[in-house]
Structure formats: C-alpha cells, structure tokens
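For the sequence shown, full-length UniProt numbering gives the first residue as 1, with consecutive numbering after it.
Glycine included, every Cβ here is placed at the ideal spot set by N, Cα and C.
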Amino acid sequence: IKGILNCPVIKINVLPDPEKPVRLNVKYDKTASFVAGSTFPDFMVSIISEDDNIIKNINPARVSMKMWEGQSSGTRASANATSFACSKVKDDKDEGFFYFRDKMIPERVGNYSIQFGFVLDKTNILNSEQIIIEVVPNDPVRLLPEPPPATPAVSNVQAVASRTLVKNLCLHIMDEYNNRTGDYLVGKIIAKIECPNEDDTEIPLFQGKVSTVEFPFHYGSAEIVNLVLAENSPGRDSTEYILAFEPDVPGLEKPLEPYRLSFMFYNNFKKQQQMATLTRERDQLSQSILAYRSLFETSNQLVTEMKCNTVESLELNKISKLSQCYAFVNFFFCFNLQLQHVDSLIKQKTLEQEAVMKQPRRTCTLPNYSKGNQDILGKIAHLAQIEDNEAAKVISWHLASDMDCVVTLTTEAARRIFDETQGRQQVLPLDSIFKKTLPDWNRPLPHFRNGKDCFKPIGKPVFARDLLTFPDNIEHCQIVFGMLLGDTIIIDNLDAANHYRKEVVKIAHCPTLLTREGDRIRSNGKFGGLQNKAPPMDKLRGMVFGAPMPKHYYTVSGQLELLQQYRTSVIKLNCANKELDSQLQSLKTPEMQKKKQELAEQEKNLKLIEQKLGMTPSDKGTESFQPTTLDFSDSPIPPKRMRREIVKKLYR
Numbered sequence: 001i002k003g004i005l006n007c008p009v010i011k012i013n014v015l016p017d018p019e020k021p022v023r024l025n026v027k028y029d030k031t032a033s034f035v036a037g038s039t040f041p042d043f044m045v046s047i048i049s050e051d052d053n054i055i056k057n058i059n060p061a062r063v064s065m066k067m068w069e070g071q072s073s074g075t076r077a078s079a080n081a082t083s084f085a086c087s088k089v090k091d092d093k094d095e096g097f098f099y100f101r102d103k104m105i106p107e108r109v110g111n112y113s114i115q116f117g118f119v120l121d122k123t124n125i126l127n128s129e130q131i132i133i134e135v136v137p138n139d140p141v142r143l144l145p146e147p148p149p150a151t152p153a154v155s156n157v158q159a160v161a162s163r164t165l166v167k168n169l170c171l172h173i174m175d176e177y178n179n180r181t182g183d184y185l186v187g188k189i190i191a192k193i194e195c196p197n198e199d200d201t202e203i204p205l206f207q208g209k210v211s212t213v214e215f216p217f218h219y220g221s222a223e224i225v226n227l228v229l230a231e232n233s234p235g236r237d238s239t240e241y242i243l244a245f246e247p248d249v250p251g252l253e254k255p256l257e258p259y260r261l262s263f264m265f266y267n268n269f270k271k272q273q274q275m276a277t278l279t280r281e282r283d284q285l286s287q288s289i290l291a292y293r294s295l296f297e298t299s300n301q302l303v304t305e306m307k308c309n310t311v312e313s314l315e316l317n318k319i320s321k322l323s324q325c326y327a328f329v330n331f332f333f334c335f336n337l338q339l340q341h342v343d344s345l346i347k348q349k350t351l352e353q354e355a356v357m358k359q360p361r362r363t364c365t366l367p368n369y370s371k372g373n374q375d376i377l378g379k380i381a382h383l384a385q386i387e388d389n390e391a392a393k394v395i396s397w398h399l400a401s402d403m404d405c406v407v408t409l410t411t412e413a414a415r416r417i418f419d420e421t422q423g424r425q426q427v428l429p430l431d432s433i434f435k436k437t438l439p440d441w442n443r444p445l446p447h448f449r450n451g452k453d454c455f456k457p458i459g460k461p462v463f464a465r466d467l468l469t470f471p472d473n474i475e476h477c478q479i480v481f482g483m484l485l486g487d488t489i490i491i492d493n494l495d496a497a498n499h500y501r502k503e504v505v506k507i508a509h510c511p512t513l514l515t516r517e518g519d520r521i522r523s524n525g526k527f528g529g530l531q532n533k534a535p536p537m538d539k540l541r542g543m544v545f546g547a548p549m550p551k552h553y554y555t556v557s558g559q560l561e562l563l564q565q566y567r568t569s570v571i572k573l574n575c576a577n578k579e580l581d582s583q584l585q586s587l588k589t590p591e592m593q594k595k596k597q598e599l600a601e602q603e604k605n606l607k608l609i610e611q612k613l614g615m616t617p618s619d620k621g622t623e624s625f626q627p628t629t630l631d632f633s634d635s636p637i638p639p640k641r642m643r644r645e646i647v648k649k650l651y652r
C-alpha cells in the first residue's frame, strides 16, 4: 500500500559561525627566489572563520610555522620539522594578521616543505596547505674537488706512475655553503706549481717541460686527467710544493677561490716509495682526528646551546616587565620554580575569572541581525558598550529611534536587507555617509579654547562619544556614532547643563546636552516636556547599550595569561636542565675519556709523521684538543637535530 503524506516544507537556514576557524590564509611573495643561507620573504598568516572573515584577538603563541626537508605524504608536518614563532604587529590595521619575518632559508639546496598551524585545543591543530619550495645555490665562491684527493708523493724518475700528480680529479664550483652551483659557467682551469718558500727558485715542471697546463671548464665542472711531472724535472728533494688550480671564468663579478693541493717531491725513487706510505698514514690520521674533533666540537656546541636554553626558557626579561604590572607575581617568585604552586594560582585565578563572568551586568536584549555577510556590521545597539549606568540609559534613550537600525558597509548589502524584510528593517550603509562633516574625536569640549578654559564648567561635562567602547570594527563604529551623536555632551544635571549652555553660546554653538539624571537640552536650546526626559531603565525594554566586562575581569585575565606563560617557561626550563645534565654526564663517561686519549695520541703521531715528511704541520696536529678553549664562531653550526645525530653516531 502506497500513501502520500502531505506536510509543510520547512526551510532551514544554517548560518556560518563567525568565531569558528576553518582555514588558514597565507600570503607571501610567490615570485621570490629561495637562495641557500639567505632569508625567507615575509609570510603573512590570518585565521579565517566560517563566514569567510578574519578572526581577531588571537594569541600569537597559537600560530606557528614548521619547515622540513622533502615532502610529507600526508597533510601533517614531518616529525623532524623545525618550528618558528611569529611576530605580532601591534597595529589596529594589522589586527588578525601574524607575520613570520627574517626566517633563515636552509643552507643546503633541495626541496623543502613549509606549513603553518593554528592550535585549536590541546589535541587539535588547524593546518594550512603545505608550501613546497626549492632552495637554490647561492653565488659561486670557490673551487672544490669531489671526492677530496689524497696527498700525492711524486719523484722525477722515468716511471710515469711515480711522476703522476693527479690521475683523475673532478673540480666543481661551490657556493659558501658547499652547494654545487655555476652550471651556466664556461671557462678554463689553469694548473701550476707553487712553492711555499718564495725564495726557492727550483719549481717542478709538468710533462713537456711546461709550467702551466690548461683544462676546459664546462657547466660548472672540470675533469683533471693524467696531470704528470716531467722526467728529470727540477725540484728540491724532500720538499713540499703546492699544485694550484686557478679558475679563469669570464663574466663573474668576484673571482673564484682556487683549489690548492699540497704534494711532496723527491729525487730518489726508493725514498719516494717510503714517503708515499707515510703520506697515506698521514691522510688516515687526519681523517680520524677530524672525526674525533667533530665529535667533541659538536658536543661542546650542544652544551653551550643547552645552557643558553636554560636562560632563554624563563623569558626573564618579559616576565619581569609583566610582573611590575601585577604585584601578586612576586608571590610565586619565592617558590623556586615549584610547578604545583603555579598550578594552584592558575586554578585560583581561573575560578576568579569565571566568578566575574557570572556576575550580572547590563545587556541589550534586542535581537541582533545575522552577520552572515561580511558587509553587515550589525544593529547599532550591539556595536557599542557603555560602562556607566546613568550615561547608558540617557544615551540609549537619546538614540532610541536608531537602536534597531542595521549598519552595513555597502548600499548593496543594505538594499538586500531592505528587500528581505519587505522594507520593515531600518538600514544604514556607511558608503552613503558624507564623512567630511563628521566630528573630530580628538576635538576638545567647546568651553576649551586656545589651550585654556574660557569659563569654569560644573557637572563634569564630557563628549557622549567618549563614553562608548567598541568591541569590534572600531573605525567603522566611530563613523556611525560620530554621525549619530555628533558633539553631544553628557553632564551631571539640568542646572549644570543650563549653566554650561548659557556660557558656551557666548563664544560658540552649543551642541545637544544630556544629563545623567535623564534630561535633554536640544542644540536649539529647547528643554522640558516628556519628549526631553528619559524614562526609567526598565521602560526602555532592553533596548539599551550593554555594559563591558568589569575592569577586574581584564586584570584577572592578564594575570592568568602571565601565569600560564610562566608555567610554560618553568616546564621548558625543567626540560632544558634535564637535557643539559644528561649531556654533561655523557661527556664524563669512560668511553668519552678514552676517545680524548686516542685523539691526543693520534695528534702526536700526526706531528711526528709530518716532521718525517718535511711537510708544513697541519692545523689538525699543532696542538692537543682543548674543549674549553675552542672557538667555533667562524664555523657554521648545524641544526640541533643534526648535531645530536652526529653525536649519537660518533658515540657508537
């Protein structure tokens, strides 16, 4: 049996939530080039709500930037990502925007991913789309081999193998971060032999009795093949010479640094063979010493950085400045960073904040017009708040005919509301207001002329507009209430108002006067009658401006935010101290002490070998390792994660 059910059609209009974040909007210069070791262009991030508007009044600590090498398969950032904090611009026009400035581009070329996140709660994060960038090499700086060759030991005998300086060597142009670059460059490499001792005139010659040999240079690279000394070449026995490869590349503003390779020259074949063995031992020792030094230097850098973290994690300067505003902060400074005391204070202040929020306060019961459109600001009654009850009553009554009016940014939006309500709803488009006649919000009261009072007023006069506070859209609200209130003045009572008007009209036009007792003197001087007397508050039927949160609420909120910042700093400090203690303990283990002894022995052996070879001592063997006096200011520091991985590998 089939039946037909007749029922009315119910249309449901689901309105977007203006406070619910749904996506992140990221703006940056998409035409910028990402050069290794330089700085990123500025990233500007905003949080967008369901109604496609920017959400304001967001704590900058909830917005972050993450970067990692490569590209993640999912939508979340890699576990190895590096995090960056934002810098909030304290400017009304930039409210709701978060800037990431002066962030360093990685020093290694390749593809990297960038993602911005907004913390919704303890477990959820709203992520932006991943931005894939390609880091390109920096400017050409030097010429380097790949891989690094061993130190040659040659003689001038008949055998070609004993005279070969370089059998196969590939030279590349590198930037200051040792990234290959200059693929577009073409030129030549000039090989020549130099002597460290400038007084020595016996310089070995290449095969063919020539002093220089040229090799072609294409696409940023050159192949050096079979570079051989001449038979019976001149040269001083057991002497160190330098094989220099100088690039000749036209079109470069700055010349490239040449690559220099030291080698030993001998007149005796047997001696050359013995020294070649010593040279190989020297190279092996040099590599081993370099590995040990890398271990100790990296460990030293980690300790230094961890010590810095224990100081920075407290944010002492920031908290000390904030603590001057709240005397209670001194209370928990004496607890030696005990977290339970901070938690207790946070709980206490949270309860205090909730109690203030629950206190009854004046509210506007007039239903607001839906803000489903970003061009709609809302009804006038909801755009402003007034703290003083008497002032709120008389100003609300004075604007009674306008309180229900909906303010829009455009005439088109106002027209749509007019059509939807069949003309029953008042609307006010801001683009139809003549702004040149609006009052100056910084203008002094009319009795104040040329920097002084023309007469002594009574009754504490003040512009009505100065008693208004605007929770949002301050610039637009100043236009609205500047037009509605003009220079209307609030004063204590009717006697004070009459006195004020009587004196003002002697020197200037007197605007409308409202008294805190509910009377009104119009700008033409008329007062009295029911139409110029405000009724009691309950007669306004809730069509009044609401009261802002009490000042105590903002005081408690500031204290609570400070306590939470302090708690975060204490947690960071505890973690940093644990990491530092663990790292310091690892440096005292028997394994590390043994490695230090091995390093000292290898440095001693290297020095002896170099003495036998007659070579200039290398910087790896000039002095034993002193971890407390090393200076790493000129060497690039790898990222924290990379340094820890190096330490772990070398420990093993």
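Check your understanding: Fully enclosed by the segment 463–532, which beta strand (DSSP E) runs are 3 residues long or longer?
Key -> 489–491, 513–515
Check your understanding: Should Leu290 be labelled buried (16 or more other beta-carbon atoms within 10 Å of its own) or exposed?
Key -> exposed
Practice item. Could you pull out every unbroken beta strand (DSSP E) segment of at least 3 residues lying fully inside the segment 117–158, listed in chain order? Key: 125–127, 131–136, 142–145, 153–155
Check your understanding: To the nearest angstrom, how far is it from the Cα of Met543 to the Cα of Thr363?
Key -> 9 Å
Exercise for review: Pair every Cβ in the segment 346–356 with every Cβ in the segment 493–513, then say whether three or more of these pairs are closer than 8 Å.
Suggested key: no
Practice item. Report the residue from Phe43, Val157, Asn124, Phe118 whose alpha carbon sits nearest the alpha carbon of Ile105. Key: Phe43
Check your understanding: Does the distance from the C-beta atom of Pro439 to that of Asp487 stay below 7 Å?
Key -> yes
Point to revise | Residues sharing a beta bridge with Gln385, DSSP | key: Thr469, Gly546
Check your understanding: Using a Cβ-Cβ cut-off of 6 Å (strictly less than) and excluding sequence neighbours within five positions of Ala414, which residues of its own chain qualify?
Key -> Thr408, Val427, Pro429
Check your understanding: Roughly how many angstroms lie between the CA atoms of Ala244 and Ser162, to the nearest whole one?
Key -> 20 Å
Point to revise | Simplified DSSP assignment, three categories, for Tyr177 | key: coil
Check your understanding: Cβ atoms of Pro137 and Asn197: under 7 Å apart, would you say?
Key -> no
Practice item. Consult DSSP for Val213 and reduce its assignment to one of helix, strand or coil. Key: strand
**Study point:** Where Pro18 falls: helix, strand or coil (DSSP)
**Key:** coil
Exercise for review: Grab the span of the beta strand (DSSP E) containing Met44 for me, first residue to last.
Suggested key: 43–49
Review point. How long is the line joining the alpha carbons of Lys11 and Lys20, rounded to whole angstroms?
Key: 24 Å
Review point. Which of the three DSSP states, helix, strand or coil, is assigned to Met357?
Key: helix
Check your understanding: Per DSSP, Gly110 forms a beta bridge with which residues?
Key -> Val135
Check your understanding: When the Cα atoms are used, what is the spatial distance from Tyr369 to Thr410?
Key -> 16 Å
Exercise for review: Provide the residue span of the beta strand (DSSP E) that contains Glu240, from first to last.
Suggested key: 239–248
Check your understanding: With distances taken between CB atoms, is the gap from residue 669 to Asn156 smaller than 7 Å?
Key -> Coverage of the chain is limited to positions 1 through 652, which leaves residue 669 absent and any answer about it impossible.
**Study point:** DSSP beta-bridge partners of Tyr266
**Key:** Ser155
Exercise for review: Name the two residues that bound the continuous beta strand (DSSP E) containing Ala534.
Suggested key: Run containing Ala534: none; DSSP gives neither H nor E here.
Exercise for review: Measure the C-alpha to C-alpha separation of Lys604 and Thr151 and round it to an integer number of angstroms.
Suggested key: 19 Å
Practice item. Sort out for me which residues DSSP pairs Pro204 with in a bridge. Key: Note: Pro204 sits in no beta bridge, so no partner.
Review point. Can you tell me whether DSSP reads Asp453 as helix, strand or coil?
Key: strand
Exercise for review: Measure from the alpha carbon of Arg471 to the alpha carbon of each residue in Ser569, Ala392, Lys56, Asp388, then state which is nearest.
Suggested key: For the record, residue 471 in the displayed sequence is Pro; it is not Arg. Taking only the C-alpha atoms, the option nearest Pro471 is Lys56.
Point to revise | For Glu257 and Leu169, believed in contact at Cβ under 8 Å, the rounded distance | key: The Cβ separation is near 17 Å, so there is no contact.
Check your understanding: Under three-state DSSP, which class holds residue 655?
Key -> This structure does not reach residue 655, given that the chain is present from 1 up to 652, and the question cannot be answered.
Practice item. Could you tell me the distance, in whole angstroms, from the CA atom of Glu146 to the CA atom of Met264? Key: 21 Å
Review point. What three-state label does DSSP hand Met403 in the structure shown?
Key: coil
Exercise for review: To the nearest angstrom, report how far apart Ile489 and Gly546 are at their CA atoms.
Suggested key: 20 Å
Practice item. Please confirm whether Tyr177 and Ala36 have their CB atoms less than 7 Å apart. Key: yes
Exercise for review: Hey, could you find the ends of the beta strand (DSSP E) Phe97 is sitting in?
Suggested key: 97–100
Check your understanding: Excluding five sequence neighbours on each side, which residues of the same chain lie with their C-beta closer than 8 Å to the C-beta of His499?
Key -> Pro457, Ile458, Gly459
Check your understanding: Taking the C-alpha atoms as reference points, what is the distance between Val480 and Leu467?
Key -> 15 Å
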